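Engineer: First to last, the sequence lines map onto chains U and Z.
Sequential numbering from 403 applies to the first sequence in our numbering.
Sequential numbering from 3 applies to the second sequence in our numbering.
C-beta: ideal position from N, C-alpha, C; glycine also.
Remember, it's a predicted structure, so these values are computed and weren't measured experimentally.
Got a structure for you, written out below as structure tokens; questions coming shortly.
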Amino acid sequence: MALLEVKNLKVHFEIQDGWVKAVDGVSFTIDSGETMGLVGESGCGKTTAAYAITQLLPPNGRIKGGRIFFKEPARVAAFRKEYNDRLKDSTKARQNEISKVGKRLDELNRSGIDSGPELDELKDRLSALKFSYDLLSLSKRKDGSLDDYNEDIRKIRWTQISMIFQGAMNAFNPVFKVGDQIVEAITLHEDVDDSTARKRARELFEFVGIAPDRIDNYPHEFSGGMKQRAMIALALALNPSFIIADEPTTALDVITQDRILAEIRRLQEQLEMAMMIITHDVSVVAEVSDKIGVMYAGLIMEIGQTAQVFRDTAHPYTAGLLGSFPSIKGEKKRLVSIPGFPPDLVTPPSGCPFHPRCQYAQKRCEEERPKGIAIEPGHISYCHFAKELWEKLRRSA
Amino acid sequence: MPEADIIVKVRGLKKYFELKKGFLSFGKDVSYVKAVDGVDFDMRSGEILGLVGESGCGKTTVGRLLTRLEDPTDGFVFFLGRDIALIEGQDVKVFRRNIHMVFQDPYESLNPRTTVTQTIMEPLLNHHIGESQEERVEMVVQALEDAGLAPAREYLNRFPHELSGGQRQRVSIARALAVKPRVIIADEPVSMLDVSIRAGVLNLMLDLRDKYGIPYLFITHDIAVARYISDRLAVMYLGRVVELAQTDDVIFEPKHPYTQALLSAVPVPDPDAKHGRIKIKGEVPSAADVPLGCRFRPRCPKAFRECGWEAMDLVEWLREKGLLAEDTDLGKAVATLKPNGFVLRMELKDGADPGAIAGFMNDLVAKSKKIDPIMDAVAAVDTIMMDRVIEIRCRPAAMSAEELAGELFALLESTVAYREPDHPMHGIIADMRLDKNRLTVSVGGDTQNLKLAEAFLGDYVRHHRRKNRPEFKGVKNISPSPSAMTVTVTCSASREPAAKTAIDVAAYIERCLAADDLAKFARLVLPAEVKGRKVRVYVMGSEDNWNRLLDTLNELLIADEGSNEGIAQKVSEIAVKTTKGPHMAVATRFIGADEPPLFDEGRGHQVACYLFKGGPG
Chain U
403 MALLEVKNLK VHFEIQDGWV KAVDGVSFTI DSGETMGLVG ESGCGKTTAA YAITQLLPPN
463 GRIKGGRIFF KEPARVAAFR KEYNDRLKDS TKARQNEISK VGKRLDELNR SGIDSGPELD
523 ELKDRLSALK FSYDLLSLSK RKDGSLDDYN EDIRKIRWTQ ISMIFQGAMN AFNPVFKVGD
583 QIVEAITLHE DVDDSTARKR ARELFEFVGI APDRIDNYPH EFSGGMKQRA MIALALALNP
643 SFIIADEPTT ALDVITQDRI LAEIRRLQEQ LEMAMMIITH DVSVVAEVSD KIGVMYAGLI
703 MEIGQTAQVF RDTAHPYTAG LLGSFPSIKG EKKRLVSIPG FPPDLVTPPS GCPFHPRCQY
763 AQKRCEEERP KGIAIEPGHI SYCHFAKELW EKLRRSA
Chain Z
3 MPEADIIVKV RGLKKYFELK KGFLSFGKDV SYVKAVDGVD FDMRSGEILG LVGESGCGKT
63 TVGRLLTRLE DPTDGFVFFL GRDIALIEGQ DVKVFRRNIH MVFQDPYESL NPRTTVTQTI
123 MEPLLNHHIG ESQEERVEMV VQALEDAGLA PAREYLNRFP HELSGGQRQR VSIARALAVK
183 PRVIIADEPV SMLDVSIRAG VLNLMLDLRD KYGIPYLFIT HDIAVARYIS DRLAVMYLGR
243 VVELAQTDDV IFEPKHPYTQ ALLSAVPVPD PDAKHGRIKI KGEVPSAADV PLGCRFRPRC
303 PKAFRECGWE AMDLVEWLRE KGLLAEDTDL GKAVATLKPN GFVLRMELKD GADPGAIAGF
363 MNDLVAKSKK IDPIMDAVAA VDTIMMDRVI EIRCRPAAMS AEELAGELFA LLESTVAYRE
423 PDHPMHGIIA DMRLDKNRLT VSVGGDTQNL KLAEAFLGDY VRHHRRKNRP EFKGVKNISP
483 SPSAMTVTVT CSASREPAAK TAIDVAAYIE RCLAADDLAK FARLVLPAEV KGRKVRVYVM
543 GSEDNWNRLL DTLNELLIAD EGSNEGIAQK VSEIAVKTTK GPHMAVATRF IGADEPPLFD
603 EGRGHQVACY LFKGGPG
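Below, the structure written as structure tokens:
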């Protein structure tokens, strides 16, 4: 069952010269217990896509479309599908349906008869109709900006979806003890007293491999790796079902990075946590992800199981990205760089955004934005010629 | 590899930064952050030398020392045979032209207010390269095209904000290339660039090396990048090079345990690659508190007896085994632990029996010897009477003029490579001879050269005097003789202060005690401590040992007059000082070891690890 489903998400930023189309139609799903890596170069929109899920956008960020379904029960999903098929896009029909279901619900409530099963079903139907599992419908204002302080979102944020921020070095407040910051997060969201919260903080420290008596240290007394571990402990504090890790190892040394990645793998195995890892480093993704989405200029270029994307590469950009990474394994081969540089997202190229740098580009690429082509089950490439190029690009023979 | 191919030679390079302390700690010893702590390597023409290491290992400081952005605390950097510390005045400019730097951040290292042309033209103007403006513009165009910014005319009038990150870094490279330097120091030149751009810049650097044969020092934390670009690879750990070899030898046959662990942690962009991880303990220690012996030992999975275990390790070991807990035999008896280098002193609580604790420790050592290398490295455990000490008072010593002249001559011969064609004194200094307290330097050519040689020697002496090198203390005057075409450096006798002689005496005692017939007894003697003009020595065990030590020291330092480097002149008195007693403690002494030097394992594969002490095989 899909834990998180992002559908055609568009996030644009308003600036002086116009709109930066940071995320311009991104769709993916993450199942519970699954880890997805979102890779791409700086400015490709990977971080913006993630922040839209937790609804923490800068003030000039606007949601221009799309939906984010999180933790939708199976029955609601089924109803949603049923209504979508039946009502199509007609708002009038939908309004009618909503008032019909609403009326029946009122009747039942007023009658005082014990009719549990039907009541539940009606509630689910109403949810499906009103998309109340769409996180964006809860907090989106008319102009597309998000209400950071929306009560419903605040209930979800950190208790259900938490984050490991980029640069753990600066994510903790330097004037408070690390343990106190974790305790604060717990007591704010849950009705527990300080000593219970402290006990949980000690357990969390133990879990991530820091001596529990160090909860009374200040952030500056921790090394970089320990701060990152403490950050993971903070993300786990409320036992969320989904964690977004934004460049979790970028500022760390190789040996520390390796330890943190091992820690992340342990989370996946022991807690069956669903995760989304945002990074520019394909080797990090190769180490910890079940599936990968490759982003470029606000769009997903290729998505699939890790092995599929790495071995049966079906998009020229992915091939270029993988080809420009040196490795310490195997023979030394000359790296192939991608010519040109990433586009300006205020005026992105027409059609496929990669076409100006793509050696296989044709006229069609300039004119038409590619639709996803399924290469194998679960492996989708957004390239007009994915099927034709696949044989050429894939690395497994 | 013949000497002539070596462009840069780095020997014993050190850079210590003084730690700033609050004014309350006034009067305490100053402590240092040992950023670079004894680095040796060569850079050869046409070769890319990679320098990798984790953050804080000192790799950037090495780059800054090579470009003279920092002055070393000790050691030498020779550029084409010249000691760069001696370069002064106008020559600094020439030197800066020859060693050029490419910085990490292309967003910070270009002036936002100057165009590309101005940026690249600036070093040309500074160094007076090119006859006319047209010629210089031509050079800028050439440099841009070399750096892959073609057609160059399009870029000439752009400002940095009109360029992408990759293009900016290419401008930085073009600027470094324009003056045709002999060496380029590149400090993390691609770490700020996006992946798809990075490969292009790396390929560009490789192509330019092939075209011009300019050697690079390529400093990076990214081992995969270092592997891709470098011909030879040096791995740094905590201020020292621990392994240096041909790149693929380091990558595929790493020998140092640290390199092995580092490589096993590098992620590979291939989901199927499974690598065996080598686990190492803890984190990199602070550079202000570097372990004795091998600095990687506390974390090393392969550490053995010879690695220089010290008292701190034993404290850690006892704690780990839970032997210091309140309710254990040791925990009940020990009041404080005083680790001091290779000796751990345990101060006992009132009523505890020192003999019993020494016995307990001895049993512990015997029991764990086979399992734990740290216990194998224990030289002796015994009780120690802390209420007495043998104090050796030292006095200032005279150093004869001949002695000083000899030392100066040796240093000049080893550091001034006037026989090399690139050295500024080549063809000027013809020969150097030592005659008693006089150093005669013969000069070739005309009297102009005589002046140059005199000025050079003057600068040289002045520079080293500032650094308090003892060899220069005796220099009385430098006088040219136009008739003989020589410059004569005359040395006179000098005095060594007592604080200095005390250090010599302590070192002498250490050396003598290590001699075969004394070695067994010497294990019981704790390392001599120098306090001002006094040297203090303790010995473990009974009263008899104290008497024997006193006899031995008398024999070594005083009775044996005449034979030993005039050591008797430096000692004024040996006495036993006693304080209120009895005061018994228990001491554990380790065998101790120096820092491992780079051992050659054949094919130029150098490893700083005692596992390779025996040489290849």
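1. Between glutamate 512 of chain Z and glycine 568 of chain Z, what straight-line distance do the alpha-carbon atoms span, to the nearest angstrom?
2. Is there a Cβ from chain Z that is less than 8 Å from the Cβ of arginine 736 of chain U?
3. Are there 16 or more other CB atoms within 10 angstroms of the CB of phenylalanine 578 of chain U, so buried, or fewer, so exposed?
4. Taking its Cβ as the centre, do 16 or more other Cβ atoms sit within 10 Å of aspartate 554 of chain U, making it buried, or is it exposed?
5. Identify, in the order they occur along the chain, each residue of the same chain with its Cβ nearer than 7 Å to the Cβ of histidine 163 of chain Z, setting aside the five sequence neighbours on each side.
6. Give me the chain Z residues within the contact set of threonine 708 of chain U, using Cβ-Cβ distance strictly less than 9 Å, ordered along the chain.
7. Taking the CB atoms as reference points, tell me whether isoleucine 612 of chain U and alanine 632 of chain U lie closer together than 8 Å.
8. Less than 7 Å between C-beta atoms, sequence neighbours within five positions excluded: which residues of the same chain meet that for glutamate 443 of chain U?
9. How many whole angstroms separate the CB atoms of isoleucine 679 of chain U and glycine 439 of chain U, which I take to be in contact at a CB cut-off of 8 Å?
10. Count the other CB atoms, across all protein chains shown, that sit within 10 Å of the CB of histidine 622 of chain U; report buried if there are 16 or more and exposed otherwise.
11. Tell whether a beta-carbon distance below 8 Å holds between valine 268 of chain Z and valine 656 of chain U.
12. If you run the structure through DSSP and keep just helix, strand and coil, what is glutamine 562 of chain U?
13. Assign serine 481 of chain Z to buried or exposed, taking buried as 16 or more other Cβ atoms, counted over all protein chains shown, within 10 Å of its Cβ.
14. Roughly how many angstroms separate the alpha carbons of isoleucine 775 of chain U and aspartate 714 of chain U, rounded to a whole number?
15. Could you tell me whether the Cβ atoms of valine 345 of chain Z and arginine 591 of chain Z are closer together than 8 Å?
16. CB-CB under 7 Å to arginine 464 of chain Z, same chain, minus the five flanking residues each way: which ones, in chain order?
17. Go to lysine 794 of chain U, then tell me how far its beta strand (DSSP E) extends in each direction, as first and last residue.
18. Along the alpha helix (DSSP H) that carries histidine 465 of chain Z, what are the first and last residues, could you check?
19. Quick test of the definition: if touching needs 3 or more C-beta pairs under 8 Å, does the stretch 250-270 of chain Z touch the stretch 703-717 of chain U?
20. Does DSSP put leucine 540 of chain U in a helix, a strand or coil?
21. How long is the line joining the alpha carbons of valine 10 of chain Z and histidine 129 of chain Z, rounded to whole angstroms?
22. Jot down the residue ranges of each uninterrupted alpha helix (DSSP H) in the stretch 45-128 of chain Z, minimum 4 residues, whole runs only, in chain order.
23. Using a Cβ-Cβ cut-off of less than 7 Å, give me the residues of the stretch 704-734 of chain U that come near chain Z, in sequence order.
24. For chain Z, check one thing: does any of its Cβ atoms lie closer than 8 Å to the Cβ of glycine 627 of chain U?
25. According to DSSP, is glutamine 497 of chain U helix, strand or coil?
26. Within the stretch 295-344 of chain Z, note down every full alpha helix (DSSP H) run reaching 4 residues or more, in order along the chain.
27. Give the single residue among Z:Arg307, Z:Glu285, Z:Glu72 and Z:Met363 whose Cα lies nearest to the Cα of valine 317 of chain Z.
28. In angstroms with no decimal places, state the Cα-to-Cα distance between leucine 724 of chain U and cysteine 309 of chain Z.
29. Report the residue ranges of all alpha helix (DSSP H) runs contained in full by the stretch 195-250 of chain Z; include only those spanning at least 4 residues, in chain order.
30. Using the Cα positions of phenylalanine 415 of chain U and glutamate 509 of chain U, report the straight-line distance between them to the nearest angstrom.
31. What does a CB cutoff of less than 6 Å around cysteine 754 of chain U pick up in its chain, not counting 5 residues either side in sequence?
32. Cutting at 7 Å between CB atoms, please list the residues of its own chain near serine 739 of chain U, excluding the five before and the five after it.
33. Beta carbon of proline 191 of chain Z, beta carbon of arginine 99 of chain Z: below 8 Å?
34. Could you say which of U:Ala479, U:Leu528 and U:Val478 lies nearest to serine 501 of chain U if we only look at CA atoms?
35. Taking beta-carbon pairs under 7 Å, can you tell me which members of the stretch 227-257 of chain Z lie near chain U?
36. Give the secondary structure of glycine 377 of chain Z by DSSP, where H, G and I count as helix, E and B as strand, and everything else as coil.
Structural biologist: So, from the data block:
1. Note on geometry: alpha-carbon atoms of glutamate 512 of chain Z and glycine 568 of chain Z lie some 16 Å from one another.
2. yes
3. exposed
4. exposed
5. Non-local C-beta neighbours of histidine 163 of chain Z in its own chain, meaning closer than 7 Å and more than five positions away in sequence, comprise Pro114, ordered along the chain.
6. Those within 9 Å of threonine 708 of chain U in chain Z are Pro273.
7. Yes, the Cβ-Cβ distance between isoleucine 612 of chain U and alanine 632 of chain U is below 8 Å.
8. His682 and Pro744
9. Correct: roughly 5 Å between the Cβ atoms.
10. exposed
11. yes
12. coil
13. exposed
14. 14 Å
15. yes
16. none
17. It is not in any beta strand (DSSP E) - lysine 794 of chain U instead sits in the alpha helix (DSSP H) that spans 788-795.
18. 449-468
19. no
20. helix
21. 22 Å
22. 61-68, 92-100 and 118-128
23. Taking 7 Å as the Cβ-Cβ cut-off against chain Z, the residues of the stretch 704-734 of chain U that qualify are Thr708, Ala709, Phe712, Gly722, Leu723, Leu724, Ser726, Phe727, Pro728, Ser729, Ile730, Lys731 and Lys734.
24. yes
25. DSSP, reduced to helix, strand and coil, places glutamine 497 of chain U within a helical segment of the structure shown.
26. 313-322 and 331-335
27. Scanning Z:Arg307, Z:Glu285, Z:Glu72 and Z:Met363 for the CA closest to the CA of valine 317 of chain Z turns up Z:Met363.
28. 42 Å
29. 197-214 and 225-231
30. 45 Å
31. Cys767 and Pro772
32. Taken in chain order, the residues that qualify are Ser726.
33. Going by C-beta atoms, proline 191 of chain Z is not nearer than 8 Å to arginine 99 of chain Z.
34. U:Leu528
35. Val227, Arg229, Tyr230 and Ile253
36. A quick correction: the sequence has methionine, not glycine, at residue 377 of chain Z. Methionine 377 of chain Z: helix per DSSP, three-state reduction.
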